[in-house]
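J.: Letter by letter, the sequence shown follows residues 3 to 314 of the working numbering. Ideal Cβ positions, reconstructed from N, Cα and C, are used throughout, including at glycine.
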Amino acid sequence: MQIPGRPPLAGTLTLPATPGPAPAVVLASGSGPLDRDSNHRRARFDVARQLAHALAAGGLASLRYDKRGVGVSPGDWRTAGVTENVDDLGRALDALAARPEVDPARLLLAGHSEGALLCAALAARGARRARSDIAGVVLLSASATRGDELLLWQARQITPTLPAPVRALLRLLRTDLEAKVAANHARIRATTTDTAWVGGARLNARWLREFLALDPRTDLERLTVPVLALTGAKDLQVPAGDLAVIAATVPGPVETQLVPDLTHTLRRQPGPPSLRAYRAELLQPVDREVLETVVGWCRRVCSVGSSAGNPL
């Protein structure tokens, strides 16, 4: 399926077996060069694909799409800021609403990680324009912390999980990872181009500048539609405490769920949380409780009857 615009985006429309028009969900993936399935060339997160199949089994259609310059979408993901990513999600929503197989009065947004921020931002835009085409929002591993503060928090969480030789080298070199992250923030803020070389790596400077200044609470406080927020208790990239912030900030109906042992990959991890376990985690499917919770909530919000069958 083609999503019109500049650049056009390529996506996959997944339909339920039940006759339509069906309620439908636009799926937004996390940050970086992820394809329509939420997969990176070095890591198969596969979140959007597995969610799409679970939603179809529960009677809901979905649209997932390749980011700019990823998969078969033209363009360059490095030159797109947060604002452009929200625009792209909006184009996907409009394209989905125009499909004859879909009920435009029952459209939802669901995002993981950065995708959750994009969904909240788009729904907030709709609230400002009094749009009624979004029936609810699903926020998976969503932050309610300002971007620069979040990245510093991540550095504090990740440092203790690094391999012992790496931690020893940092001590030997007297390297404070959090201070290094803060210094990089200053370098990024000083840039004016779409991309920039920082610390020996070519970064999406435009996206980073916007992300550092992004306070998700600005969008959350405008959400009057139902919201489901789900985060893992072992997430090293989003504070589990942000669920309480989301619940306190969203003025509309909101449900939050903290899943034990769940990490940012939406898989379970035994023992102390560690990024080193991600590779093994990604060999497993997305956690069943996560899929069941999302599908069940979407069905309730869209008033999908029991005739739709077993969600999974």
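1. Would you mind giving the Cβ-Cβ distance between threonine 251 and valine 240, rounded to the nearest angstrom? I have them listed as a contact below 8 Å.
2. Use the C-beta contact count for lysine 236: other C-beta atoms within 10 angstroms, 16 or more gives buried, fewer gives exposed.
3. Using a Cβ-Cβ cutoff of less than 8 Å, which residues in the same chain neighbour alanine 144 once the five nearest sequence positions on both sides are dropped?
4. If you draw a straight line from the alpha carbon of arginine 148 to that of alanine 12, how long is it in whole angstroms?
5. Would you call the region 261 to 274 and the region 288 to 295 touching, i.e. three or more CB-CB distances under 8 Å?
6. Could you say which of Arg208, Thr226, Ala19, Ala26 lies nearest to alanine 192 if we only look at CA atoms?
7. In the structure shown, what three-state DSSP assignment does glutamine 4 receive?
8. Which word fits leucine 171, buried or exposed, when buried means at least 16 other C-beta atoms lie within 10 angstroms of its C-beta?
9. Cα-Cα, which of Pro106, Val84, Arg101 is closest to leucine 124?
10. Buried or exposed: proline 25, going by 16 or more other Cβ atoms within 10 Å of its Cβ?
11. Between the region 44 to 64 and the region 73 to 91, do three or more beta carbon pairs fall short of 8 Å?
12. Could you tell me which residues DSSP puts in a beta bridge with glutamine 259?
13. Taking its Cβ as the centre, do 16 or more other Cβ atoms sit within 10 Å of proline 253, making it buried, or is it exposed?
14. Please classify arginine 133: does DSSP put it in a helix, a strand, or coil?
15. What is the DSSP secondary structure of leucine 277, reduced to helix, strand or coil?
16. Could you tell me the alpha carbon to alpha carbon distance between alanine 137 and threonine 14, rounded to whole angstroms?
17. Assign tryptophan 199 to one of two classes, buried (16 or more other C-beta atoms within 10 Å of its C-beta) or exposed (fewer than that).
18. In three-state terms, what does DSSP make of leucine 171?
19. Return the chain-ordered list of same chain residues with a C-beta closer than 6 Å to the C-beta of proline 10, the five sequence neighbours on each side being excluded.
20. If we count Cβ pairs, one from each stretch, closer than 8 Å, do we get three or more for the region 63 to 82 versus the region 30 to 41?
21. Are arginine 70 and proline 6 touching if we call contact CB-CB under 8 Å?
22. Beta-carbon within less than 7 Å of glycine 34's beta-carbon, same chain only, minus the 5 sequence neighbours each way: which residues are those?
23. Return the first residue and the last residue of the beta strand (DSSP E) that tryptophan 199 is part of.
24. Does arginine 133 pass the burial test, meaning 16 or more other C-beta atoms within 10 Å, or should it be called exposed?
25. Can you tell me where the alpha helix (DSSP H) holding aspartate 39 begins and where it ends?
26. Got a sec, what are the start and stop residues for the alpha helix (DSSP H) valine 49 sits in?
27. Does the distance from the CB of valine 183 to the CB of alanine 157 come in under 8 Å?
28. Consult DSSP for threonine 14 and reduce its assignment to one of helix, strand or coil.
29. In or out: valine 74 buried (at least 16 other Cβ within 10 Å) or exposed?
30. Between the beta-carbon of proline 272 and the beta-carbon of leucine 238, is there less than 8 Å?
31. Less than 7 Å between C-beta atoms, sequence neighbours within five positions excluded: which residues of the same chain meet that for glutamine 159?
32. Ends of the beta strand (DSSP E) at leucine 222?
T.: Per the coordinate set shown:
1. Within the sequence shown, numbered from 1, the residue matching residue 251 stands at position 249. Within the sequence shown, numbered from 1, the residue matching residue 240 stands at position 238. At roughly 15 Å, the Cβ-Cβ gap does not stay under 8 Å, so threonine 251 and valine 240 are not in contact.
2. In the sequence shown, residue 236 corresponds to position 234, counting from 1. Lysine 236 is buried by the Cβ-count criterion.
3. Position 142 of the sequence shown, counted from the start, is the residue given in the question as residue 144. Here the set comprises Gly113, Ser115, Ala118, Leu119, Ala122, Pro218, Ala231, Thr233, Val240, Asp244, Ile248.
4. Numbered from 1 along the sequence shown, position 146 holds the residue referred to as residue 148. Numbered from 1 along the sequence shown, position 10 holds the residue referred to as residue 12. Whole-angstrom Cα-Cα distance: 31 Å.
5. When Cβ pairs closer than 8 Å are counted between the two stretches, the region 261 to 274 is seen to touch the region 288 to 295, the count reaching three or more.
6. Translated into the one-based positions of the sequence shown, residue 192 becomes position 190. With distances taken between Cα atoms, alanine 192 lies closest to Arg208.
7. Counting from 1 along the sequence shown, the entry for residue 4 is found at position 2. In this structure, glutamine 4 counts as strand in the three-state DSSP scheme.
8. Residue 171 sits at position 169 when you count from the first residue of the sequence shown. With a pLDDT of 46 at leucine 171, under the threshold of 50, the modelled position of that residue is not reliable, and the figure given next carries that caveat. Burial call: exposed.
9. Here residue 124 corresponds to residue number 122 of the sequence shown, with the count starting at 1. Ranking Pro106, Val84, Arg101 by Cα distance to leucine 124 puts Val84 first.
10. Position 23 of the sequence shown holds residue 25. It is buried - the Cβ of proline 25 has at least 16 other Cβ atoms within 10 Å.
11. Cβ pair count under 8 Å is below three, so no.
12. As a working mapping, residue 259 is identified with position 257 in the sequence shown. According to DSSP, glutamine 259 bridges with Leu232.
13. Here residue 253 refers to the residue found at position 251 of the sequence shown. Exposed is the label assigned to proline 253, since fewer than 16 other Cβ atoms lie within 10 Å of its Cβ.
14. Here residue 133 is taken as the residue at index 131 of the sequence shown, counted from 1. Summary for arginine 133: the model assigns pLDDT 45, below 50, so the residue's position carries little reliability; its value from the coordinates is reported in the next sentence. In this structure, arginine 133 counts as coil in the three-state DSSP scheme.
15. Translated into positions along the sequence shown, residue 277 becomes position 275. The answer is helix: DSSP assigns leucine 277 an H, G or I state.
16. Against the sequence shown, residue 137 aligns to sequence position 135. Against the sequence shown, residue 14 aligns to sequence position 12. So the two alpha carbons sit approximately 21 Å from each other.
17. Reading the sequence shown from its first residue, position 197 is the one you call residue 199. The residue in question, tryptophan 199, is exposed, as its Cβ has fewer than 16 Cβ neighbours within 10 Å.
18. Residue mapping note: residue 171 aligns to position 169 of the sequence shown, counting from 1. In this prediction, leucine 171 scores a pLDDT of 46, lower than 50, which makes its location untrustworthy; the coordinate-derived value is nonetheless stated afterwards. Secondary structure of leucine 171 (DSSP, three-state): helix.
19. The residue given as residue 10 occupies position 8 in the sequence shown. Gln4.
20. At 8 Å Cβ cutoff, the stretches touch.
21. Here residue 70 refers to the residue found at position 68 when the sequence shown is read from its first residue. Here residue 6 refers to the residue found at position 4 when the sequence shown is read from its first residue. No, Cβ-Cβ distance for arginine 70 and proline 6 is not below 8 Å.
22. Walking along the sequence shown from the start, residue 34 turns up at place 32. Closer than 7 Å at the Cβ level, and outside the excluded window around glycine 34, lie His42.
23. Position 197 of the sequence shown holds residue 199. It spans 198 to 200 - the beta strand (DSSP E) in which tryptophan 199 sits, taken as one unbroken run.
24. Counting from 1 along the sequence shown, the entry for residue 133 is found at position 131. Confidence in arginine 133 is poor, its pLDDT being 45 and thus under 50, which makes the residue's placement too unreliable to answer from.
25. Mapped onto the sequence shown, residue 39 falls at position 37. Element bounds for aspartate 39: n/a, residue is neither H nor E.
26. Along the sequence shown, one-based indexing puts residue 49 at 47. Unbroken alpha helix (DSSP H) run through valine 49: 49 to 59.
27. Within the sequence shown, the letter at position 181 stands for residue 183. Within the sequence shown, the letter at position 155 stands for residue 157. In this structure, valine 183 sits near alanine 157, with a CB-CB distance shorter than 8 Å.
28. Walking along the sequence shown from the start, residue 14 turns up at place 12. Strand, per DSSP.
29. Counting from one through the sequence shown, the residue named residue 74 turns up at place 72. Label assigned to valine 74: exposed.
30. By 1-based counting over the sequence shown, the position of residue 272 is 270. By 1-based counting over the sequence shown, the position of residue 238 is 236. Contact: no.
31. Working through the sequence shown from its first residue, we reach residue 159 at position 157. Counting only Cβ-Cβ distances below 7 Å, and skipping sequence neighbours, we find Leu238.
32. Looking up residue 222 in the sequence shown gives position 220. That residue, leucine 222, is in no beta strand (DSSP E); its alpha helix (DSSP H) goes 219 to 222.
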